[in-house]
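In this note's numbering, the protein residues as written are 1245 to 1756.
Glycine included, each C-beta is placed from N, C-alpha and C at the ideal position.
First up is the structure itself, then whatever we jot down about it.
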């Protein structure tokens, strides 16, 4: 009996799903006392790790190198660690027990550090604790974008074009989706070090999940509006669009369809040229997508609290915060100091730091803003970035260096527009008064968005300069569109388990 058969027969009750290429180990981790799911638990198997999602679920791809006797190690701050062979997990759920705090006297007897001294030591040890050399990181990036229309009030003050009336504007507003959600997922290998110019990305697979029926049909709206313009204004007119002190000019002929040269399908050269342009366009899409994802990862990595210019600067500017040594806890067998921080004056965030009592490495950071981060309000236009919160978790590799293991950042913004708007048709070739028609509105609209970014790093492999230089980025992958969640899409790959919202996502109108 081979290893795969042993694993499957032992764990078939709840733990393994099988396809033709690979086996997947999955379960849910619960608190043994509260019976509630434990989010962001580290699950490791043969030096590779995953993180449970916010619902305590995880999945792990098993390949031919995995044996039933290989041990699965599970650890989370504040809980007893659990480690045993895969074939001994026979229950429906995995339970972790809260760990009693016993080390206060042991740590204090070693050195009675203050919170400020611990932070100073953490800052002093940053260079030797965290990996700054080149490495290859297998990681998964999930981005979630949620948009909502909060308000769309308006009043027509004047309209001299009958077709531009309340009924028409109401019909336009009704076509705009009141809310939509977009999920973007990417698995890849991220090469480089902590320098922005020394980073490369090879995308393995990617997806985008959203409802196309909620996309605004700009072509249809443009066609309806153009039809009204053609019937009511002259081709040599121009428009003045004014909103209080703000104004711009648009030529009426811009609303008319331009003649498009039809391609003669019997002209082989013309057809080949069109095909070549389409091929180049596809290549540009791939390059732009890879660049977008690499830039997203770079931006998130550059904000880690271990960097001096980070937004989360408590390690670098501790004098700007009130620091409190709250308690001690554990991450596996590691004793951790738990330090809370709140801003004294102008800093933006409060939260908790979990610092290793032995090497003074920052193992985890939880944070949340205490005030709006960016605000703007002028002449009826407003913007408010009112939320940014999250967690960052670092893992110590066998070589003693720490790397990012998990990052979760949630942000929210609100944009408002409350202004009068005038659209005035003018024509300099008409005798007498230049003003021909006008639409005068008062608009009161507001829009909100919530964006979440998650990174899970499964494996880190140190590489040398020659390997980094020789590596060429893979720009051949574009995301696969899904109208509905497809549980088969990521089969054969280890990713962060999707939450219930993703699993239950369906489009109102399925894509053709």
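Starting from residue i and walking both ways along the alpha helix (DSSP H), at which residues does that stretch end?
i            : result
residue 1573 : Where residue 1573 is concerned, there is no enclosing alpha helix (DSSP H), although the beta strand (DSSP E) it sits in stretches over 1565-1575.
residue 1361 : 1359-1368
residue 1712 : 1709-1714
residue 1303 : Where residue 1303 is concerned, there is no enclosing alpha helix (DSSP H), although the beta strand (DSSP E) it sits in stretches over 1301-1306.
residue 1561 : Here residue 1561 belongs to no alpha helix (DSSP H), and DSSP marks it neither H nor E.
residue 1744 : 1744-1747
If we call anything under 8 Å between Cβ atoms a contact, is residue i one with residue j?
i            : j            : result
residue 1384 : residue 1424 : no
residue 1438 : residue 1708 : no
residue 1314 : residue 1289 : yes
residue 1634 : residue 1604 : no
residue 1381 : residue 1721 : no
residue 1758 : residue 1299 : Residue 1758 falls outside the range modelled here, since the chain spans only 1245 to 1756, and no answer is possible.
residue 1659 : residue 1638 : no
residue 1556 : residue 1588 : no
residue 1312 : residue 1330 : yes
residue 1360 : residue 1645 : no
residue 1549 : residue 1636 : yes
residue 1787 : residue 1309 : No answer is possible for residue 1787: it lies beyond the span of the chain, which begins at 1245 and ends at 1756.
residue 1710 : residue 1445 : no
residue 1474 : residue 1421 : no
residue 1688 : residue 1662 : yes
residue 1632 : residue 1648 : no
residue 1476 : residue 1400 : no
residue 1394 : residue 1691 : yes
residue 1700 : residue 1294 : yes
List the DSSP bridge partners of residue i.
i            : result
residue 1636 : 1609, 1651
residue 1597 : 1583, 1609
residue 1686 : 1399, 1664
residue 1738 : The partner list for residue 1738 (beta bridge, DSSP) is empty, contrary to what the question assumes.
residue 1275 : 1340
residue 1432 : 1383, 1447
residue 1692 : 1392, 1658
residue 1327 : 1317
residue 1551 : Answer is none; residue 1551 lacks a bridge partner.
residue 1617 : Bridge partners of residue 1617: none, in fact.
residue 1423 : 1392
residue 1281 : 1274
residue 1376 : Beta-bridge pairing links residue 1376 to no other residue.
residue 1681 : 1669
residue 1718 : 1446
residue 1646 : 1374, 1640
Would you give the residue range spanned by the beta strand (DSSP E) that residue i belongs to?
i            : result
residue 1399 : 1379-1403
residue 1295 : 1292-1295
residue 1479 : Looking at the DSSP string, residue 1479 is not in any beta strand (DSSP E), and its letter there is neither H nor E.
residue 1724 : 1724-1726
residue 1438 : Looking at the DSSP string, residue 1438 is not in any beta strand (DSSP E), and its letter there is neither H nor E.
residue 1288 : 1286-1289
Since residue i and residue j should fall inside the 8 Å C-beta cutoff, what is the C-beta to C-beta distance between them, to a whole number of angstroms?
i            : j            : result
residue 1683 : residue 1403 : 5 Å
residue 1389 : residue 1426 : 4 Å
residue 1740 : residue 1698 : 6 Å
residue 1580 : residue 1598 : 5 Å
residue 1583 : residue 1362 : 6 Å
residue 1534 : residue 1417 : Not confirmed; about 37 Å, so no contact.
residue 1738 : residue 1304 : 6 Å
residue 1325 : residue 1577 : 7 Å
residue 1436 : residue 1443 : 4 Å
residue 1485 : residue 1667 : 5 Å
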